[in-house]
Amino acid sequence: MCGIVGAISEREVAKILVEALKRLEYRGYDSAGIAILDAHHQIQRLRTVGKVHELEEAMHHQNLSGQVGIAHTRWATHGKPSENNAHPHMSGEIALVHKGIIENHQALRKKLAAAGYQFQSETDTETVAHLLHQHLNQGQHFLEAVKMTIQELEGAFAIVFMNSKEADRLIAVRRGSPLTIGVGMGEHFIASDHISLLPFTQKFIFLEEGDVAEITRKHIHIFNNKDEAVERKVHQLSTQQDAIDRGIYRHYMQKEIFEQPLAIKDTLEGRLGSTKILEECFGPNAAEIFNQVQQVQIVACGTSYHAGMVGRYWLEGLAGISCQVEIASEIRYRHQVVQPNTLLVGISQSGETADTLAAFRVAKSKGYLATMAICNVPQSSLVREADLVFMTRAGIEIGVASTKAFTTQLTALLLLTAVLGRRHYLTEAQEVNLVELLKALVKQLNRVLLLDPMIRDLAARFADKEHALFLGRGIQYPIALEGALKLKEISYIHAEGYPAGELKHGPLALVDKNMPVIAVAPHDELLEKLKSNLAEVRARGGELFVFADEATSIENEPGTHFIPMPTVDPITAPLIYTIPLQLLAYHVAILKGTDVDQPRNLAKSVTVE
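Numbers given in our numbering equal positions in the sequence shown, counted from 1, plus 67.
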């Protein structure tokens, strides 16, 4: 959630840095700070808890003047929000801002404390400042000292360094967390998100993994992860790219469906180590709480409720932790029996869903161990009231029918499963495998989006339908529910999701040639059971639309439409199989002529009961 900006210029940079920080506020933060190198080569630092405007107000009372500076917005991971924990951090002539997590900070802290360094904060970041200072004291030049420092760091991070003794340069490093250089005339900038720099330049260099960049007013020198000098392409962007518009897409919903690979990439940014999930991303006291968790209670509404249902399969199947999932509007009005050491997890795109908030507030008197929010909107009520927070980073979602918010919620729940599971049933090898699966997600999602033309053609078979049935088994049952919800929300076709095994207990009576049946069929342990259920549909004359793994041996035949899906691991299959159901709903709604982005009777954020 942290935001980084830096500038080296022939003009004053304090106002530039603050304006850039304001454009990073959407990411969420709890404190802000700035450090300026003045004309006497002294570092002037100012830090405040709260919003950027509070930092800006404090600057009116402290003269910050200089042409080189760095600034930061912080989301607490190590240490509570406080002035001492806010960035920039300093050690002697060094100041730095950091985004990400240093996994081995405790070992580094012990080593540095033994060497005589005194720590002023609880953060992992301060260890980096002292470590760099130590290397400088051993006679290394600034650039070489930075390179030596980052070799000792484990984790995912982006860092910008400033040195009062080498006032003509900034040094930036990227490992697992993005950084962008803004290219100007007689000035250059650095930021964690190019959006923050658009008022000052439209030329950008996007650093690649492992890059180290030395930045002066006139030159940019970049070294790759092999310490080889390299050239990176300068991209010319337009301020129009910063606007909230549909671009090449006909509707916001379509745009947001295709944004899901990027949204999930952003959600994972800085939260994956080389072999494990970085649990600090859930909050500064996450480990203390997670050590005590024995059960999980999830509360949510609508699409978020379906995400919670998928989470239950993961938490119980992978982590070995008992999990209950309930609609927030129901749990708040019944007597609850709360088991000891239960974590209450509220899931909400907006963070302002009235029923979910009410359930949270009631929970405070029910004996839950702690509360946790999975949310897409920083500073929302749910985020402010939770003990732990995971921001999904889906970006602005305008379409009322949620798409990228849902898949980023699933991603968050899978990360939560890993950090809780390592305390119970999840082995180290299983977590390593899970990290690899998460790293492969973006590529797999992009591949599934290539099915769009095929799904658009199939949508024509729904144009005159009034009802539809969605089927799934096991962890795919909630995906069937979500697929049905999407279709009914935007096409106004009555659609229901069912566990496929329930067909013979009632829904089969509805099946005929006018009732399309949509099934999700990954190659998992329930595939043969599902095939039997599909045979029941065909025997009654139902028309099947089967999204299935290419290895399932399901084929196109009269009455059966086979949509080939890539072979994926059953763990991440729910994320992959969600996408084609979203596309199907979208294309059917187009044919029906409905208002895709603003369907009748619905609102994006339900803030009333």
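Glycine included, every Cβ here is placed at the ideal spot set by N, Cα and C. In this text, all values refer to a predicted model and were calculated from it rather than measured experimentally.
Take residue i as the anchor and find which of the options has the nearest alpha-carbon.
{"i": "V85", "options": "S76, Y96, R78, V72", "result": "V72"}
{"i": "G350", "options": "E569, D616, P148", "result": "P148"}
{"i": "G136", "options": "I169, M229, T216", "result": "M229"}
{"i": "E563", "options": "G375, V584, D579, Q543", "result": "V584"}
{"i": "A330", "options": "S132, L163, M458", "result": "M458"}
{"i": "T334", "options": "A212, C442, H572, F325", "result": "C442"}
{"i": "Q364", "options": "I463, F427, S98", "result": "F427"}
{"i": "R241", "options": "F267, A234, D278, L265", "result": "D278"}
{"i": "D222", "options": "Q173, N408, G378", "result": "Per the sequence shown, the amino acid found at residue 222 is Gly instead of Asp. Among Q173, N408, G378, the Cα nearest to that of G222 is on Q173."}
{"i": "G608", "options": "D422, P266, A576", "result": "A576"}
{"i": "G100", "options": "K82, A138, K89, L91", "result": "A138"}
{"i": "E346", "options": "L611, H654, V502, I465", "result": "V502"}
{"i": "A526", "options": "L658, L237, N500", "result": "L658"}
{"i": "K293", "options": "K332, M215, H402", "result": "M215"}
{"i": "D454", "options": "K580, C348, G462, S231", "result": "C348"}
{"i": "H154", "options": "A102, E326, I394, T645", "result": "A102"}
{"i": "A374", "options": "E326, H288, A479, K285", "result": "A479"}
{"i": "I621", "options": "I83, P589, Y316, M252", "result": "P589"}
{"i": "A470", "options": "G146, T370, M376, G253", "result": "Reading the sequence as shown, one finds Thr at residue 470 and not Ala. Among G146, T370, M376, G253, the Cα nearest to that of T470 is on T370."}
{"i": "L642", "options": "A656, P631, F473, L552", "result": "F473"}
{"i": "E323", "options": "E92, L504, E121, A461", "result": "A461"}
{"i": "L578", "options": "E170, T438, G626", "result": "Before going on, a small fix: residue 578 reads as Val here, not Leu. Considering only alpha carbons, the answer is G626."}
{"i": "V80", "options": "A106, R299, G413, A180", "result": "A106"}
{"i": "L88", "options": "S132, R141, L131, R78", "result": "R141"}
{"i": "V213", "options": "R176, A280, A180", "result": "A280"}
{"i": "L113", "options": "I83, Y96, H156, G146", "result": "H156"}
{"i": "T645", "options": "M252, I546, D524, V404", "result": "I546"}
{"i": "N500", "options": "S341, L669, V119, Y565", "result": "S341"}
{"i": "K118", "options": "N581, L131, K580, D97", "result": "D97"}
{"i": "L570", "options": "L597, H561, A551", "result": "L597"}
Based on DSSP bridge pairs, tell me the residues matched to residue i.
{"i": "A74", "result": "G136, F256"}
{"i": "K270", "result": "Q303"}
{"i": "P377", "result": "The displayed chain sequence assigns Val, not Pro, to residue 377. According to DSSP, which records beta bridges pairwise, V377 is partnered with nothing at all."}
{"i": "L538", "result": "Y565, A586"}
{"i": "L339", "result": "I344"}
{"i": "R242", "result": "F224"}
{"i": "V250", "result": "H255"}
{"i": "L288", "result": "For the sequence presented, residue 288 should be read as His rather than Leu. Partner(s): E281."}
{"i": "M632", "result": "D616"}
{"i": "V297", "result": "I289"}
{"i": "N230", "result": "I161"}
{"i": "L237", "result": "M229, I282"}
Hey, residue i and residue j are a contact pair by Cβ (cut 8 Å); roughly how many whole angstroms apart?
{"i": "Y492", "j": "G387", "result": "3 Å"}
{"i": "L382", "j": "L487", "result": "7 Å"}
{"i": "S415", "j": "A367", "result": "7 Å"}
{"i": "D591", "j": "G541", "result": "7 Å"}
{"i": "I75", "j": "Q134", "result": "7 Å"}
{"i": "Q665", "j": "V467", "result": "6 Å"}
{"i": "F629", "j": "N623", "result": "5 Å"}
{"i": "L554", "j": "A652", "result": "4 Å"}
{"i": "I262", "j": "R90", "result": "6 Å"}
{"i": "F224", "j": "I168", "result": "7 Å"}
{"i": "Y559", "j": "T661", "result": "6 Å"}
{"i": "H200", "j": "S158", "result": "4 Å"}
{"i": "G249", "j": "A258", "result": "7 Å"}
{"i": "V429", "j": "R399", "result": "5 Å"}
Length at least 3, wholly inside the stretch 137-218: the beta strand (DSSP E) runs in chain order: 156-158, 161-169
Ranges of the beta strand (DSSP E) found wholly within the stretch 587-630, counting only runs of at least 3: 610-616
Segments assigned beta strand (DSSP E), at least 3 residues, entirely inside the stretch 342-418: 362-367, 389-394, 409-415
Touching by the beta-carbon criterion (3+ pairs, under 8 Å), the stretch 525-545 and the stretch 574-589: yes
Contained beta strand (DSSP E) runs [length at least 3] in the stretch 421-499, N- to C-terminal order: 437-442, 455-458
The stretch 243-253 contacting the stretch 271-284, beta-carbon criterion three pairs below 8 Å: yes
Any 3 or more C-beta pairs closer than 8 Å across the stretch 161-171 and the stretch 181-195: yes
Entirely enclosed beta strand (DSSP E) segments - the stretch 91-128, minimum 3 residues: 98-104, 110-116
Three-pair Cβ contact test at 8 Å for the stretch 619-639 versus the stretch 502-520: yes
Segment contact flag, the stretch 114-132 with the stretch 182-192, C-beta cutoff 8 Å, min 3 pairs: no
Validate contact between the stretch 498-514 and the stretch 406-421 using beta carbons, cut 8 Å, 3 pairs: no
Three CB pairs or more closer than 8 Å across the stretch 293-304 and the stretch 446-456: no
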